[in-house]
Structures are given as structure tokens and as C-alpha cells.
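Novice: Here the protein sequences line up with chains S and H, keeping their order.
The first sequence runs contiguously to residue 355 in numbering that gives the first Met the number 0.
The second sequence runs contiguously to residue 79 in numbering that gives the first Met the number 0.
Quick reminder that beta carbons are idealized off the backbone N, C-alpha and C, glycines included.
This structure is a prediction, so every number in the text was calculated from the model and none was measured.
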Amino acid sequence: MLDRIANAQHTIDEACRAVGRRITIMEVCGTHTVSIFRSGIRSVLPDALKLLSGPGCPVCVTDQGYIDTVLELADRDDCVIATYGDMIRVPGSDGSLESRASKGNVKVVLSSEDALQLARENPDKTVVFVAVGFETTTPATAVVVREAAAEDIGNLCILSGHKLVIPAMRALLGGMNDRIDGFLCPGHVSVIIGSGAFAEIVRDFRRPCVVAGFEALQIIEGLAEICRQLAAGKAELKSVYKAVVTEKGNTAAQQIIAECFDPVDGYWRGLGKIAKSTLALKERYARFDAFRRFGLEDKPGRENRGCRCGEVLCGLIDPVECPLFGTRCTTDKPVGPCMVSSEGTCAAWFKYGRRR
Amino acid sequence: MCLAIPARIVELQADRAIVDAMGNRWKAKTTLLPDAKLGDVVLVHAGFAISLVDEEEARKTWELFAEIDNFEKTSNKVSG
Chain S
0 MLDRIANAQH
10 TIDEACRAVG
20 RRITIMEVCG
30 THTVSIFRSG
40 IRSVLPDALK
50 LLSGPGCPVC
60 VTDQGYIDTV
70 LELADRDDCV
80 IATYGDMIRV
90 PGSDGSLESR
100 ASKGNVKVVL
110 SSEDALQLAR
120 ENPDKTVVFV
130 AVGFETTTPA
140 TAVVVREAAA
150 EDIGNLCILS
160 GHKLVIPAMR
170 ALLGGMNDRI
180 DGFLCPGHVS
190 VIIGSGAFAE
200 IVRDFRRPCV
210 VAGFEALQII
220 EGLAEICRQL
230 AAGKAELKSV
240 YKAVVTEKGN
250 TAAQQIIAEC
260 FDPVDGYWRG
270 LGKIAKSTLA
280 LKERYARFDA
290 FRRFGLEDKP
300 GRENRGCRCG
310 EVLCGLIDPV
320 ECPLFGTRCT
330 TDKPVGPCMV
340 SSEGTCAAWF
350 KYGRRR
Chain H
0 MCLAIPARIV
10 ELQADRAIVD
20 AMGNRWKAKT
30 TLLPDAKLGD
40 VVLVHAGFAI
50 SLVDEEEARK
60 TWELFAEIDN
70 FEKTSNKVSG
């Protein structure tokens, strides 16, 4: 393994020299963000290789408007909020779900199935499932919507904030961040969408895309592959995570997503409105849609004052460039979602040191 | 949040499974992986199996988790 790390390091060093300028690689996966910091990979990379964490943490990319909508529903007496734990501490314009915990209607779930179970157990309440996450998480929501329809459990509804990763990558390359030379593509999103899904980024933007898993070796070999391509003036799609990811992905999961959801224009923190980037429930499942049921609108919200999470998510600044970082905004008292989520870029910088 | 953990299917009835990783057992569904069989090692995310994983890959991940767990226990001890 040490040999392979040394080889990858050598490839990266050589490529940086050959390219003759700084190489910038972005990953778009919260688990990559954490793995890169925890493994200390940054400490063995040359200064000429800049790593950016992009919009890969589902909690972080969720727009403030969505967070405020969740809080609005949590304030109603007829609703129970079922949410993945990551969302609990995210501050909205007025407090967070955590600050409403004493009301007793906010429940942390580990699976969408638990939300369905809550609906069965609380027939006199409307259970709202806070459905956030990328393609890895979306199929679990879709399964439960289908089950609720089949069992006629009418008091479950979902507030879909599910996001698609490729439209965000396209938005970044389409003018928001021109520094990105290549992408380390998310391993577990690729399990669902397939490595082949990134071919359009390679084709339309001529940027190397390499799908990688989460071990240090895979990450550094993925980075080395991107550097090698850049040095050779190439842009190709590769996977170094073939033990788990196939080219076509999980077609059963893709089908169930397509059966339940339509891609619609949606708001992202930092990236703004992106065409066909967010999943909304199809008309046939309208009665399970929290937006329709409560007459709500998916509208953009306003960032908390001074918070620069949006620029961090676009890879435009490093967390240390935010004046709140480490002073007013810490993991104990976070101001923005990138410091709240364990997968957030700011939290990783704060916990694992403020290196590069 | 997209983290998925490899685990072995140790019980399976229709699409309801019990999975095991390093002695930890929990419920998961195989709805998204219709061909999953008893004994398969699968990647589990948010209560759903999303892909098959080969044994070697799973073993590496389990070792990594054990290492992190060990590291966190040790570092807790050091910091008191």
C-alpha cells in the first residue's frame, strides 16, 4: 500500500511540474471531505495541488428557505417532523429544530421507513419527512412514498429537498467557478447513478472526472489519475472504485426515483437557482407532497448574517477566509450549515486543523 | 450523509433483512436490490441495501472503521 501511495504522490508531483501552474481539484461529497482530512492526505500533497470541497454535503447545500419551511411546519401543532439527525442543529432564520425540541414533535429517524412507522403510530397527526440528500438517499424516500400509497397511509407527507449532483457540477463549471480543473466524483452517489453519468461533464466541459471510494489510497489514486490526465492534456472519465460502482449504477433505484419524482428548478445554498436540479413528487403522489398539502412554496431564504457558507460551497473561499470561522462560528456554536454538519467543509477544517 | 456501510445479510424475508457488520446488527430493506440473497455483503445506506460489495472491499472498510474506533478511544483517553 505504501508503494502505491508513493507512486500516486510521484504522479501528482510530476503532473504539477508538467502543467506549470496550480492544479485545482474539487470533490463533491461530504464523506470525501471528511476522509481527506481524517487521513491526513493534504499533508502529503504538494502546494501546487489545491483541493476544494464543493456542494457535496446535503445538509449544507439545502437552501435557507427550505430550512425555514421545516421550522414553520415544526411550529404547527398538527405536525410531527421526522428528520435525519444531521438537520437538527442547522440554524434557520429563527432558531433550529433543536431549539424546538421541548415541543416534543421533532423525531430523529435513521431511515425513511421510521417516518412511515411514525405515521402509522400517530394517525391524528401529519408526519412530515424532511427529505434531503443526493441520489444515494432519494431512493429510500421513493420506496416509502410508494409504500404509503399502497397502504393508504394518508398522514405521511414528504418535504422533498432532494438534490441532483450533476446539475450542480454543471452550474459551477458554467461560470460560477472557473478554477476547477477536475472532479473527484462521489462514490456512493455513483453507486446509484453509475459512473457513466459523469460522461456529460467530461464531454461538455472537458474536465477529468474520476469516481473514487473513501479509503486514503483510493482518494490519492483518484487525485493522481486526474493530475495525470491534466498533464497529458486529456479529459477522461475513470473509476477507481470498481469494486462497488458500476457504469450503469443501480437501475432498480433509478427506476423508483423516476417513478416518484420529476426534476424541477430548485434553490441551493450558495449556488442559487439551478434548472432541473431538485426533485419534486410527481402529480400522482401529490397527496404525499408537503408543499402541496400545506400550500407552501419552494422559495429562497436569506443567509444568516455574515455567514459565507455559500462561497465555501462553491469553492470560492476556504473556510478560514470567513471572518466568523473559529470565532463566532465553531462546531459547538455553529452559525452556518457547513459548520453544523459533521460532513461540512467548515467543520472538517475546524476539527482537523486549518491546513490549506 | 451519503455514507454507506457494508454489512452481511444474516436474515432475509421478502425484502426485509437483518444485516451484520462487525457484530452490529440492524434492520435493512432490500427493495432497491431485488437480487440480494442471504449471505450477500451489501452496502447499506439509510436503512436500504443499495449495492452488492465484494468481501475484500467490505473487509477493508470494516478494518478502517475498527481503526477509527480504536483511534477515537485512544485519543479520548489521552485527552482525559
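Which value, in whole angstroms, describes the spacing of the CA atoms of Q228 of chain S and I179 of chain S?
Specialist: Translated into the one-based positions of the first sequence, residue 228 of chain S becomes position 229. Translated into the one-based positions of the first sequence, residue 179 of chain S becomes position 180. Roughly 14 Å between the two C-alpha positions.
Novice: Over the uninterrupted beta strand (DSSP E) stretch that includes S34 of chain S, give me the two end residues.
Specialist: The count along the first sequence starts at 1 and reaches residue 34 of chain S at position 35. Note, S34 of chain S: premise wrong, no beta strand (DSSP E); alpha helix (DSSP H) at G29 to S38.
Novice: Quick one: list the residues of chain S neighbouring G22 of chain H, beta-carbon separation under 7 Å, in chain order.
Specialist: The residue you call residue 22 of chain H lines up with position 23 of the second sequence. Chain S residues near G22 of chain H: none, gap ~18 Å exceeds 7 Å.
Novice: Can the beta-carbon of P166 of chain S be found closer than 8 Å to that of S276 of chain S?
Specialist: The count along the first sequence starts at 1 and reaches residue 166 of chain S at position 167. The count along the first sequence starts at 1 and reaches residue 276 of chain S at position 277. Yes. Within cutoff.
Novice: Given a threshold of 16 other Cβ atoms within 10 Å of its Cβ, counted over all protein chains shown, does Q254 of chain S qualify as buried or as exposed?
Specialist: In the first sequence, the residue the question calls residue 254 of chain S occupies position 255. Result: exposed.
Novice: Using a Cβ distance threshold of 8 Å, determine whether the segment 288-299 of chain S contacts the segment 241-251 of chain S, with at least three qualifying pairs required.
Specialist: No, they do not touch.
Novice: Count the other CB atoms, across all protein chains shown, that sit within 10 Å of the CB of H44 of chain H; report buried if there are 16 or more and exposed otherwise.
Specialist: The residue given as residue 44 of chain H occupies position 45 in the second sequence. It counts as buried.
Novice: For S50 of chain H, count the other beta carbons within 10 Å of its own beta carbon; 16 or more makes it buried, fewer makes it exposed. Which is it?
Specialist: Counting from one through the second sequence, the residue named residue 50 of chain H turns up at place 51. Buried is the call here.
Novice: Taking the DSSP output, what are the residues bridged to N154 of chain S?
Specialist: What you label residue 154 of chain S is simply residue 155 of the first sequence in a count that begins at 1. None, per the DSSP bridge assignment.
Novice: For P5 of chain H, which residues does DSSP report across the bridge?
Specialist: The residue given as residue 5 of chain H occupies position 6 in the second sequence. P5 of chain H is bridged to H:L42.
Novice: Under a three-way DSSP split, which group does S189 of chain S fall into?
Specialist: Translated into positions along the first sequence, residue 189 of chain S becomes position 190. S189 of chain S: helix per DSSP, three-state reduction.
Novice: If distances are taken between C-alpha atoms only, which option among S:L44, S:N104 and S:R16 comes closest to G444 of chain S?
Specialist: Nothing in the structure corresponds to residue 444 of chain S, since chain S is present only between 0 and 355.
Novice: F213 of chain S by DSSP, collapsed to three states: which one?
Specialist: Along the first sequence, read from residue 1 onward, the residue named residue 213 of chain S stands at position 214. It is coil, neither helix nor strand.
Novice: Quick check: the segment 226-242 of chain S against the segment 52-65 of chain H, are at least 3 beta-carbon pairs closer than 8 Å?
Specialist: Judged by Cβ distances under 8 Å, the segment 52-65 of chain H makes contact with the segment 226-242 of chain S, as three or more pairs qualify.
Novice: Alpha carbon to alpha carbon, how far is K298 of chain S from T330 of chain S? Give it in angstroms, no decimals.
Specialist: For the purposes of this step, residue 330 of chain S is taken as residue 331 along the first sequence, with counting starting at 1. For the purposes of this step, residue 298 of chain S is taken as residue 299 along the first sequence, with counting starting at 1. The alpha-carbon atoms of T330 of chain S and K298 of chain S are separated by roughly 28 Å.
Novice: Rounded to a whole number of angstroms, what is the C-alpha to C-alpha distance between Y351 of chain S and I24 of chain S?
Specialist: Along the first sequence, read from residue 1 onward, the residue named residue 351 of chain S stands at position 352. Along the first sequence, read from residue 1 onward, the residue named residue 24 of chain S stands at position 25. Approximately 20 Å, taken between the alpha carbons.
Novice: Can you tell me whether E10 of chain H is helix, strand or coil according to DSSP?
Specialist: Sequence index remark: in the second sequence, residue 10 of chain H carries index 11 (1-based). Strand.
Novice: Residues in its own chain within less than 7 Å of R307 of chain S by CB, not counting five upstream and five downstream?
Specialist: Your numbering for residue 307 of chain S matches position 308 in the first sequence. Answer for R307 of chain S: I316 and C321, listed in chain order.
Novice: Which residues, in order along the segment 242-254 of chain S, keep a beta-carbon less than 9 Å from a beta-carbon of chain B?
Specialist: Considering every chain present, this structure includes no chain B. Its protein chains are S and H.
Novice: Would you report the Cα separation of A274 of chain S and V263 of chain S, rounded to the nearest angstrom?
Specialist: Counting from 1 along the first sequence, the entry for residue 274 of chain S is found at position 275. Counting from 1 along the first sequence, the entry for residue 263 of chain S is found at position 264. Taking the straight line from one Cα to the other gives about 7 Å.
Novice: Chain H beta carbons: is any one of them nearer than 8 Å to that of T10 of chain S?
Specialist: As a working note, residue 10 of chain S is residue 11 in the first sequence. Taking Cβ atoms only, chain H never reaches closer than 8 Å to T10 of chain S, which makes this a no.
Novice: Along the beta strand (DSSP E) that carries R24 of chain H, what are the first and last residues, could you check?
Specialist: Indexing the second sequence from 1 puts residue 24 of chain H at position 25. Unbroken beta strand (DSSP E) run through R24 of chain H: N23 to K28.
Novice: For A48 of chain H, which option in H:L32, H:K36 and H:G38 has the closest C-alpha, if you only look at C-alpha atoms?
Specialist: In the second sequence, residue 48 of chain H corresponds to position 49, counting from 1. A48 of chain H has its Cα closest to that of H:L32, out of H:L32, H:K36 and H:G38.
Novice: Taking 8 Å as the CB-CB limit, is V18 of chain H close to chain S?
Specialist: The count along the second sequence starts at 1 and reaches residue 18 of chain H at position 19. No - not a single Cβ of chain S is within 8 Å of the one on V18 of chain H.
Novice: Opposite M25 of chain S in the DSSP bridges: which residues?
Specialist: Along the first sequence, one-based indexing puts residue 25 of chain S at 26. Answer is S:L51 and S:F182.
Novice: Using a Cβ cut-off of 9 Å, pull out every chain H residue sitting near I40 of chain S, in sequence order please.
Specialist: The sequence position of residue 40 of chain S within the first sequence is 41, counting from 1. Chain H residues near I40 of chain S: none, gap ~14 Å exceeds 9 Å.
Novice: Could you have a look at V79 of chain S and say whether DSSP puts it in helix, strand or coil?
Specialist: One-based indexing of the first sequence puts residue 79 of chain S at position 80. V79 of chain S falls in the strand class under three-state DSSP.
Novice: Just to confirm before moving on: does the CB-CB distance between I11 of chain S and C226 of chain S stay below 8 Å?
Specialist: To locate residue 11 of chain S, count along the first sequence from 1; it is residue 12. To locate residue 226 of chain S, count along the first sequence from 1; it is residue 227. Yes; because the gap between Cβ atoms is below 8 Å, this pair is in contact.
Novice: Relative to the alpha-carbon of N303 of chain S, which residue among S:V334, S:L312, S:A285 and S:R20 has its alpha-carbon at the smallest distance?
Specialist: As a first step, residue 303 of chain S must be located in the first sequence, where it is residue number 304. Considering only alpha carbons, the answer is S:V334.
Novice: Using a threshold of 8 Å, state whether the C-beta atoms of C15 of chain S and L50 of chain S are closer than that.
Specialist: For the purposes of this step, residue 15 of chain S is identified with residue 16 of the first sequence, where counting begins at 1. For the purposes of this step, residue 50 of chain S is identified with residue 51 of the first sequence, where counting begins at 1. Contact: no.
Novice: According to DSSP, is S111 of chain S part of a helix, a strand, or is it coil?
Specialist: Sequence index remark: in the first sequence, residue 111 of chain S carries index 112 (1-based). Helix, per DSSP.
Novice: Could you check whether C156 of chain S and T125 of chain S sit closer than 8 Å to each other, using their CB atoms as the reference points?
Specialist: The residue given as residue 125 of chain S occupies position 126 in the first sequence. The residue given as residue 156 of chain S occupies position 157 in the first sequence. Yes; because the gap between Cβ atoms is below 8 Å, this pair is in contact.
Novice: Please check the pair V356 of chain S and E134 of chain S, which I expect to be a contact at CB under 8 Å, by giving their CB distance rounded to whole angstroms.
Specialist: Past the boundaries of the shown model lies residue 356 of chain S; chain S is included only from 0 to 355, so the question cannot be answered.
Novice: Determine, using beta carbons only, whether G53 of chain S and L171 of chain S come nearer to each other than 8 Å.
Specialist: Translated into positions along the first sequence, residue 53 of chain S becomes position 54. Translated into positions along the first sequence, residue 171 of chain S becomes position 172. Cβ distance < 8 Å, so G53 of chain S and L171 of chain S count as in contact.
Novice: Give the residues of chain H in contact with P138 of chain S, contact being defined as C-beta atoms less than 8 Å apart.
Specialist: Reading the first sequence from its first residue, position 139 is the one you call residue 138 of chain S. Near P138 of chain S (Cβ distances below 8 Å), the residues of chain H are L31, F47 and I49.
Novice: Whole angstroms is fine: what's the gap from R20 of chain S's alpha carbon to N154 of chain S's?
Specialist: For this step, residue 20 of chain S is matched to residue 21 along the first sequence. For this step, residue 154 of chain S is matched to residue 155 along the first sequence. Going from the Cα of R20 of chain S to the Cα of N154 of chain S covers about 57 Å.
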